[in-house]
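J.:
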Amino acid sequence: MKTSEAPAESAVAVEQSIRMYRRMLTIRRFDEEVNELYTRALMPGLAHMYLGEEAVAVGICEALRPDDYITSTHRGHGHCLAKGARPDLMFAELLGKEVGYCRGKGGSMHIADPSTGNLGANAIVGGSAGIATGAAFSAKRLGTHQVSVCFFGEGALGQGLLYEEMNLAELWKLPVIYACENNLYNEYTHYSETTAGDILARPAAFGMHAESVDGQDVRAVHAAAKRLVDRAREGNDPAFLLCNTYRYRGHHVGDLNRDYRSRQEEQRWMTERDPIKTFADWLIEQGLADSARLKQIDSEVKSEIEAAVQFALAASFPSADQTKQDVYA
Amino acid sequence: MPKAGPEAGVVETTVRELTFAEAVREALAEEMRRDPRVFVLGEDVAEAGTPFKVLSGLVEEFGTERVIDTPISEAGFTGLAVGAAMTGLRPVVDIMFGDFVTLTMDQMVNQAAKVHYMSGGKWKVPMVLRTTLGAGRRSAAQHSQSLHAWFSHIPGLKVVLPSTPYDAKGLLKTAIRDENPVVFFEDKMTYKSKGPVPSGEYTIPFGVADVKREGSDITLVATSSMVQVALGAAALLEEVGISAEVIDPRTTWPLDERTLVESAKKTSRVIVVDEGYGRYGVAAELASVIAEGAFYNLDAPVKRLGAMQVPIPFSPPLEDATVPTDRSVFDLARELCGRS
Chain A
4 MKTSEAPAES
14 AVAVEQSIRM
24 YRRMLTIRRF
34 DEEVNELYTR
44 ALMPGLAHMY
54 LGEEAVAVGI
64 CEALRPDDYI
74 TSTHRGHGHC
84 LAKGARPDLM
94 FAELLGKEVG
104 YCRGKGGSMH
114 IADPSTGNLG
124 ANAIVGGSAG
134 IATGAAFSAK
144 RLGTHQVSVC
154 FFGEGALGQG
164 LLYEEMNLAE
174 LWKLPVIYAC
184 ENNLYNEYTH
194 YSETTAGDIL
204 ARPAAFGMHA
214 ESVDGQDVRA
224 VHAAAKRLVD
234 RAREGNDPAF
244 LLCNTYRYRG
254 HHVGDLNRDY
264 RSRQEEQRWM
274 TERDPIKTFA
284 DWLIEQGLAD
294 SARLKQIDSE
304 VKSEIEAAVQ
314 FALAASFPSA
324 DQTKQDVYA
Chain B
2 MPKAGPEAGV
12 VETTVRELTF
22 AEAVREALAE
32 EMRRDPRVFV
42 LGEDVAEAGT
52 PFKVLSGLVE
62 EFGTERVIDT
72 PISEAGFTGL
82 AVGAAMTGLR
92 PVVDIMFGDF
102 VTLTMDQMVN
112 QAAKVHYMSG
122 GKWKVPMVLR
132 TTLGAGRRSA
142 AQHSQSLHAW
152 FSHIPGLKVV
162 LPSTPYDAKG
172 LLKTAIRDEN
182 PVVFFEDKMT
192 YKSKGPVPSG
202 EYTIPFGVAD
212 VKREGSDITL
222 VATSSMVQVA
232 LGAAALLEEV
242 GISAEVIDPR
252 TTWPLDERTL
262 VESAKKTSRV
272 IVVDEGYGRY
282 GVAAELASVI
292 AEGAFYNLDA
302 PVKRLGAMQV
312 PIPFSPPLED
322 ATVPTDRSVF
332 DLARELCGRS
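These protein sequence lines are chains A and B, in that order. Basically my numbering = 1-based index in the first sequence + 3. Basically my numbering = 1-based index in the second sequence + 1.
1. Taking only beta carbons into account, state which residues of the region 132-154 of chain A come closer than 9 Å to chain B, listed in chain order.
2. Please tell me whether P3/B has its Cβ less than 8 Å away from any Cβ of chain A.
3. Would you mind reading off the limits of the alpha helix (DSSP H) that contains L244/A?
4. Looking only at its chain, what residues have a beta carbon closer than 6 Å to the beta carbon of V3/A, apart from the 5 residues adjacent to it on each side?
5. For A2/A, I'd like the list of residues in its chain whose CB is within less than 7 Å of its CB, leaving aside the five on either flank, ordered along the chain.
6. Going by the beta-carbon positions, is the gap between V274/B and A231/B smaller than 8 Å?
7. Flag H337/A as yes if its beta-carbon sits less than 8 Å from any beta-carbon of chain B, otherwise no.
8. For M119/B versus V83/B, is the C-beta spacing smaller than 8 Å?
9. For P90/A, report the span of its alpha helix (DSSP H) as first-last.
10. Where G161/A and A199/A are concerned, what is the direct C-alpha to C-alpha distance, given to the nearest angstrom?
11. Count the other C-beta atoms from every protein chain shown that fall within 10 angstroms of the C-beta of V55/B, then say buried if there are 16 or more, exposed otherwise.
12. Can you find a CB in chain B that lies within less than 8 Å of the CB of C105/A?
13. Is A50/A helix, strand or coil when you go by DSSP?
14. What is the rounded straight-line gap between the Cα of W254/B and the Cα of V303/B?
15. Between which two residues does the beta strand (DSSP E) holding I96/B run?
16. Return the first residue and the last residue of the alpha helix (DSSP H) that Y278/B is part of.
17. Answer with buried or exposed for H249/A, where buried requires no fewer than 16 other C-beta atoms within 10 angstroms of its C-beta.
18. Short of 6 Å in beta carbon distance, which residues of its chain neighbour T191/B, apart from the five on each side in sequence? Order them along the chain.
19. With a CB to CB cut of under 6 Å and the five nearest residues on each side skipped, what residues in its chain are close to F243/A?
20. With a cut-off of 8 Å, does the C-beta of N111/B fall near any C-beta of chain A?
21. Keeping to the same chain, check which residues put their C-beta closer than 7 Å to that of L337/B; ignore five residues upstream and five downstream.
22. Mind checking who K195/B pairs with in its DSSP beta bridge?
23. May I ask you to report which of helix, strand or coil DSSP gives I73/A?
24. Any Cβ of chain A within less than 8 Å of the Cβ of E180/B?
25. Could you name the residues that DSSP lists as bridge partners for F40/B?
26. In whole angstroms, what is the alpha-carbon distance linking E263/B and A295/B?
27. Taking only three categories from DSSP, how would you classify K267/B?
28. Cα-Cα, which of D188/B, S244/B, S200/B is closest to V228/B?
29. I need the DSSP call for F314/A, collapsed to helix, strand or coil.
30. Count the C-beta pairs between the region 63-77 of chain B and the region 163-174 of chain A that are closer than 8 Å, then say yes if the count reaches three, no if not.
31. My guess is that L119/A and G81/A are in contact by the Cβ rule of under 8 Å, so how many angstroms apart are they, rounded?
32. Which one of C64/A, I202/A, G253/A, A310/A has the shortest CA to CA distance from L49/A?
33. Classify K251/B as buried or exposed, calling it buried when 16 or more other Cβ atoms lie within 10 Å of its own Cβ.
34. Which residue or residues does DSSP assign as beta-bridge partners of N121/A?
35. Three-state secondary structure (DSSP) at S306/A?
36. Could you have a look at I30/A and say whether DSSP puts it in helix, strand or coil?
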């Protein structure tokens with residue numbers, strides 16, 4: 004392990020795999036806890052859980068530098084955590100506390116954090132496409148070699164803004180990746196009822212490089228993202244990455260009946276294609292980690308999330324005089 | 002001559018007569034020379050210099066890297082500007098006709114205006130959206146509106162309405178240096194009108210109204226295209242012995258409430274003239290501010306004069322009937338002063 008290069012590389016690979024595993028698990032436990040907070044009436048408002056989609060955010064963000072940019076969505080906890088956000092400050096924001104990422108002014112759908120390149124989660128479907136593309140414009144203009152990733156769900160495919168931005172990105176060769184998470188449902192409607200033609204034909208029409216990937220396979224997502232991010236960074240080539248995934252829970256924490264789909268369908272995704280379980284099996288099979296190590300990680304993550312929730316619950320609300328602060332810079 | 006005021010401290014050099022369009026262009030050119038982060042983007046802004054020729058010559062000096070022709074995608078390039086502003090640049094977006102701002106509304110209202118607040122003050126959006134307002138070009142209902150009230154309604158945005166070349170230059174320079182999203186409305190019928198502009202460096206702060214004419218019997222608060230109308234009315238009023246004061250707020254937000262209220266207290270009668278629709282509009286808001294602030298000093302209700310509540314029609318006699326004129330302001334002022 005000390006001298007030859009190959010083992011050193013593999014040590015890096017192991018470290019990376021463990022990091023991805025831990026991050027996926029952190030997102031899983033985070034959003035399970037979000038549901039718990041909602042159920043116990045401890046969280047104001049609603050939240051949209053990322054459960055089931057963890058491999059997409061983690062696979063893509065693992066391919067990014069800390070100073071690369073992302074824009075996120077209303078279902079954004081996973082993106083923010085994958086890009087490096089701290090669970091305690093995330094929970095604090097979800098609970099409307101002053102120490103939260105946005106000092107309690109944004110909440111679940113608007114986590115933003117310059118220190119991790121997070122330009123902000125956005126509650127207008129497709130609404131962040133301009134911001135992500137503009138960040139890529141700045142990166143190219145300023146020569147910073149940063150890449151920008153625009154996360155959006157397949158519901159955003161119905162928004163014209165997305166296509167205006169993709170046209171600009173390809174026309175001006177901007178280092179931006181449009182990461183489409185197809186979790187099959189535009190809120191309560193199956194995407195096949197809202198989406199004409201072939202999704203990948205849309206970026207193709209702009210001459211944009213486009214790929215699709217199994218969004219439940221974090222290794223596949225990471226490999227594809229790495230390729231596209233490197234292309235963007237080196238050659239200012241934008242790309243479109245379609246990640247096929249599944250939303251385990253309802254549109255938001257309060258969407259309990261889910262009459263628009265079957266319990267069998269949900270069970271099939273959860274048992275046969277769970278991104279965390281699949282990856283854990285692979286880690287063990289490859290000898291990269293044993294079950295004891297994974298259990299230890301599980302327990303560490305559990306403790307971290309518990310502590311984060313306690314921190315957020317104990318934190319203070321902002322004082323009323325802060326209502327008028329930060330309207331203008 | 003520009004008058005002394007908060008913008009004094011001007012290095013009084015030579016004063017030239019510039020058109021409104023030249024003043025706008027000069028402000029942009031100076032700011033682009035001063036700050037390499039500033040760039041312009043919009044439809045036909047480069048070689049064409051916009052259909053109004055406001056930006057003619059800019060691309061020759063700064064190149065197509067900084068004066069950028071875009072596709073006809075108002076939402077797209079406005080959204081791109083929001084992101085670019087957040088990440089280290091200072092975009093100046095050109096929206097050719099004010100009517101087209103409707104296409105940018107999500108990016109301006111839900112994104113640009115909210116980013117700073119929603120992020121707890123962590124991100125900021127130093128961008129300018131320049132656009133036009135005003136009827137009178139025989140362009141019908143989709144090229145003639147004055148939609149500045151829409152933006153004035155939204156916390157997080159600043160809204161600027163220059164009425165003279167001097168104000169246009171000084172206010173645009175301030176807008177470009179501001180750390181917030183600023184919407185800058187230019188009256189497209191005013192582009193060729195001339196006025197004195199000093200050659201030296203100056204800026205005009207936001208939230209400072211300008212007294213365009215002093216008077217004692219009635220206050221005419223007027224914005225943008227309506228300032229000349231109010232001054233025209235004031236000249237007519239003088240002939241019948243009524244002394245009208247004309248006040249131009251110059252920015253609808255921030256708003257110099259004090260100057261409006263003080264003038265109202267002095268004259269006791271006020272008409273607000275604004276080319277947007279009066280109902281639920283800028284005129285309505287300014288009238289309300291004055292009524293609240295000067296109620297006990299008023300001798301008559303504060304009146305609003307705005308565009309007629311119809312889509313702006315094409316046919317000249319119809320279009321001309323929709324916008325306040327020197328004569329309509331004069332008539333209302335005389336009535337308000339009990340001299341009709």
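Even glycine gets a Cβ: it sits at the ideal position worked out from N, Cα and C.
T.: Let me lay it out:
1. A132, G133, I134, A135, T136, G137, A138, A139, F140, S141, A142, R144, L145, T147, Q149, S151
2. For P3/B, the pLDDT reaches just 46, beneath the cut-off of 50, and the residue's location in the model is therefore unreliable, leaving the point undetermined.
3. Note, L244/A: premise wrong, no alpha helix (DSSP H); beta strand (DSSP E) at 242-247.
4. What is shown of chain A runs 4 to 332, which leaves residue 3/A out entirely.
5. The structure shown does not extend to residue 2/A, since chain A is modelled only from 4 to 332, so the question has no answer here.
6. yes
7. Outside the displayed range of chain A (4 to 332) lies residue 337/A, so it cannot be described from this structure.
8. no
9. 90-97
10. 10 Å
11. buried
12. yes
13. coil
14. 20 Å
15. 91-96
16. Careful: Y278/B lies outside any alpha helix (DSSP H), inside the beta strand (DSSP E) at 271-278.
17. Reading off the sequence, residue 249/A comes out as Tyr, not His. Y249/A comes out buried.
18. F21
19. Y181, P206, M211, A213
20. yes
21. I219, R270, I272, A301, K304
22. T20/B
23. strand
24. yes
25. P92/B
26. 8 Å
27. helix
28. D188/B
29. helix
30. yes
31. The sequence given here has Thr at residue 119/A, not Leu. Contact flag wrong, Cβ pair sits at about 13 Å.
32. G253/A
33. The question names Lys, yet the displayed sequence has Arg at residue 251/B. Counting Cβ neighbours within 10 Å, R251/B comes out buried, since at least 16 surround it.
34. I73/A, D116/A
35. helix
36. helix
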